[in-house]
Every structure is written in structure tokens, then in C-alpha cells.
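**Student:** Have a look at this one.
Residue numbers (the working numbering): 1 to 195.
Structure, rendered in C-alpha cells:
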């Protein structure tokens with residue numbers, strides 16, 4: 001595949017992944033209180049997530065939009081204005097690392113790897129790196145980072161900590177997991193080798 005095609009596919013994938021996360025957050029917000037590893041008391045852990053995800057999304061989408069493979073398409077529009085562009089490989093590395101860190105943060109905020117509906121996002125990213133033609137070394141780095149975050153945020157709840165169940169937790173879990181599975185299937189099919 002051409003670098004521009006891969007960058008376009010990643011831009012589309014990143015947008016869809018952000019929408020999946022946002023739908024999961026909205027489903028959690030409709031429940032009562034969520035458990036958070038960062039708080040001693042149950043609180044609405046998702047109340048500050050939409051602005052965080054929006055800001056995060058703008059940064060990651062900008063990394064891809066200003067990469068060489070994609071940014072060159074807008075050169076005629078800019079009438080010779082020279083702006084710096086990231087290499088495609090640097091942009092992909094930055095976005096995958098930011099995505100993994102963001103998924104880990106979402107997991108930590110919404111109950112850790114055992115309870116968070118966003119653990120599926122963490123598992124989706126290494127698979128997407130294969131479909132987007134990242135090198136085997138980077139695939140193993142992304143997988144290693146995902147494993148470290150999964151184990152880091154797997155700590156059990158401390159005893160005596162009050163927790164209120166969120167009745168929409170299962171809905172959020174199902175929406176995010178099925179969304180990630182669908183995204184992997186579609187991108188895997190779209191980027192398969194031509195026969």
C-alpha cells in the first residue's frame with residue numbers, strides 16, 4: 001500500500017476509535033457513579049473525560065494530518081506555504097504511543113484493567129499496527145506497552161473503599177468491545193493483501 005493510503009486509513013481508523021471511546025464514555029455517564037482508582041470515594045469518574053478525549057483526539061489527528069504522506073495532498077491549497085511535516089513513521093509511532101497511553105489512562109480512571117470497558121481499546125492497538133504495516137519491532141513495542149499498562153492497572157480494589165455499581169457498565173463494555181472488534185475486522189479486511 002502507498003504511504004498516503006496507509007496514512008488515510010490510519011486517520012479514518014483513529015477517528016472511528018475516538019468515536020468508539022466517546023460512545024463508551026457516554027454510556028458510562030448515563031449510569032450513576034463510576035469507580036476510579038485515583039479517588040478514595042466513588043465519584044462520577046467520567047465527567048471530565050469528554051474534554052480530555054477531544055483534546056487527545058485533536059493532537060493525534062493533527063499528528064496524522066501533518067504527516068508527509070497526507071500533508072502533501074494539501075500543498076496546492078496552501079499556495080507554496082511551507083509548513084513542517086512529520087515523517088509517516090514518526091507520526092504513526094507518536095499516535096500509537098499516545099493511543100496506548102490514553103487507553104491506559106482511561107482504564108485507570110474507569111476501574112482498572114479488570115473492570116474498565118476501555119481495556120478492549122488497549123488490545124485493539126497492537127492488532128491495528130499490523131494492519132497499518134508497522135514494523136515487527138514496533139508491533140512488539142506496542143504489545144509490550146499494552147501488557148505493562150494492563151498489569152500496572154490490574155491491582156485489586158483496596159478493602160474498605162466504598163464502591164457504587166454503575167448500571168450502564170455492561171452496556172459501555174459491550175459497545176466498546178464490539179466497536180473495537182468491528183474496527184479490527186474492517187481495517188483487517190480493507191488492508192489485506194490483494195489476491
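No residue lacks a Cβ here, since even glycine has one placed at the ideal position from N, Cα and C.
Name the residue from 50, 185, 8 and 86 whose alpha carbon lies nearest to the alpha carbon of residue 19.
**Tutor:** As a first step, residue 19 must be located in the chain shown, where it is residue number 19. It is 50.
**Student:** Can you tell me where the alpha helix (DSSP H) with residue 14 in it begins and where it stops?
**Tutor:** Position 14 of the chain shown, counting from 1, holds the residue named residue 14. Here the alpha helix (DSSP H) through residue 14 covers 3 to 29.
**Student:** Grouping DSSP H, G and I as helix and E and B as strand, with all else coil, what is residue 87?
**Tutor:** Stepping through the chain shown from its first residue, residue 87 is reached at position 87. Reduced to three states, the DSSP call for residue 87 is coil.
**Student:** Which same chain residues, not among the five before or five after residue 173, have their C-beta less than 6 Å away from its C-beta?
**Tutor:** As a working note, residue 173 is residue 173 in the chain shown. For residue 173, where only same-chain residues beyond five positions count, the Cβ hits under 6 Å are 117.
**Student:** Nearest CA to the CA of residue 152: which residue from 134, 89 and 114?
**Tutor:** Indexing the chain shown from 1 puts residue 152 at position 152. When each option's Cα is compared against that of residue 152, the closest is 114.
**Student:** State the DSSP-derived secondary structure class of residue 67, mapped to helix, strand or coil.
**Tutor:** In the chain shown, the residue the question calls residue 67 occupies position 67. Three-state DSSP puts residue 67 in a strand.
**Student:** Report the three-state DSSP secondary structure of residue 153 (helix, strand or coil).
**Tutor:** Numbered from 1 along the chain shown, position 153 holds the residue referred to as residue 153. DSSP places residue 153 in coil when its eight states are reduced to three.
**Student:** Contact defined as beta carbons within less than 8 Å: I believe residue 132 pairs with residue 6. What is the distance between those atoms, to the nearest angstrom?
**Tutor:** Along the chain shown, one-based indexing puts residue 132 at 132. Along the chain shown, one-based indexing puts residue 6 at 6. Yes, residue 132 and residue 6 are in contact; Cβ-Cβ is about 6 Å, under 8 Å.
**Student:** With 16 other CB atoms within 10 Å as the buried threshold, where does residue 175 fall?
**Tutor:** Here the question's residue 175 lines up with position 175 in the chain shown. Buried.
**Student:** Do residue 121 and residue 106 have their CB atoms nearer than 8 Å?
**Tutor:** Numbered from 1 along the chain shown, position 121 holds the residue referred to as residue 121. Numbered from 1 along the chain shown, position 106 holds the residue referred to as residue 106. The answer is yes: Cβ separation under 8 Å.
**Student:** Just to check my reading of the structure: residue 104 and residue 149 have Cβ atoms closer than 8 Å, yes? What is that Cβ distance to the nearest angstrom?
**Tutor:** On the chain shown, position 104 is the one that residue 104 refers to. On the chain shown, position 149 is the one that residue 149 refers to. So it is a contact: roughly 4 Å between Cβ atoms.
**Student:** Have a look at residue 177 and residue 68 and give me their C-alpha separation to the nearest angstrom.
**Tutor:** Sequence index remark: in the chain shown, residue 177 carries index 177 (1-based). Sequence index remark: in the chain shown, residue 68 carries index 68 (1-based). Using only the alpha carbons, I get a separation of about 32 Å.
**Student:** I need the straight-line Cα distance from residue 58 to residue 14, nearest angstrom please.
**Tutor:** The residue labelled residue 58 in the question sits at position 58 within the chain shown. The residue labelled residue 14 in the question sits at position 14 within the chain shown. Each residue's alpha carbon lies about 10 Å from the other.
**Student:** Quick check: the Cα distance between residue 135 and residue 108, rounded to an integer number of angstroms?
**Tutor:** Along the chain shown, read from residue 1 onward, the residue named residue 135 stands at position 135. Along the chain shown, read from residue 1 onward, the residue named residue 108 stands at position 108. If you take the alpha carbons of residue 135 and residue 108, they lie about 29 Å apart.
**Student:** On a Cα-Cα basis, can you pick out the residue from 11, 8 and 27 that is closest to residue 168?
**Tutor:** Taking the first residue of the chain shown as 1, we reach residue 168 at position 168. The shortest C-alpha separation from residue 168 is found at 27.
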